[in-house]
Amino acid sequence: ELIICGDDMAKKPSAEPLLFACKNLNVEPSKAIMIGDSKSDILAANTAKIDVIALSYGYNQGENLKDYNPQYLCDNFLDIIPVLTQR
Numbered sequence: 176e177l178i179i180c181g182d183d184m185a186k187k188p189s190a191e192p193l194l195f196a197c198k199n200l201n202v203e204p205s206k207a208i209m210i211g212d213s214k215s216d217i218l219a220a221n222t223a224k225i226d227v228i229a230l231s232y233g234y235n236q237g238e239n240l241k242d243y244n245p246q247y248l249c250d251n252f253l254d255i256i257p258v259l260t261q262r
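Residue numbers for the sequence shown follow the numbering used here, beginning at 176 and rising by one.
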């Protein structure tokens, strides 16, 4: 288990928190997946070379997250289940 708080290190869109988590959990970034609802989540994951599932609702600040090229874009939280099971 690992908890990383917003004040522990650089904030997203920095990839640092994601790469720190991968290293400490002994998971290759290519095997991880980020689930997020903001441009910063997508940018951090892309920089870390981690696939991202973007949720089209939530803290997206009115931006169309599709513009940031997430690997997956889901309109409903339950839509992530098929994405996770196919990986």
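Even for Gly, the Cβ is constructed at its ideal location relative to N, Cα and C.
So, using beta-carbon positions, are ILE228 and PRO245 closer together than 8 Å?
yes
Measuring straight from C-alpha to C-alpha, what distance separates PRO188 and THR222?
8 Å
Exposure label - ALA219; buried when at least 16 CB within 10 Å
buried
Mind pulling the alpha helix (DSSP H) runs of 4 or more residues that sit fully within the segment 182–225?
191–199, 214–223
Starting from the C-beta of ASP212, find all residues in its chain whose C-beta is less than 6 Å away, skip the five residues before and the five after it, and write them out in chain order.
LEU230, GLY233, TYR234, ASN235
For ALA196 and ILE179, the rounded distance between their alpha carbons
Rounded to the nearest angstrom, the two C-alpha atoms are 8 Å apart.
Selected residue, minimal CA-CA separation from LYS186, among GLN261, ASP216, LEU200, ARG262
Shortest Cα-Cα distance from LYS186 to any of GLN261, ASP216, LEU200, ARG262 involves ASP216.
Same chain, Cβ closer than 7 Å to LEU193, five either side skipped, listed in chain order
MET209, ALA219, ALA220, ALA223, ILE225
Buried or exposed: which applies to LEU177, given that a residue is buried once 16 or more other Cβ atoms fall within 10 Å of its Cβ?
exposed
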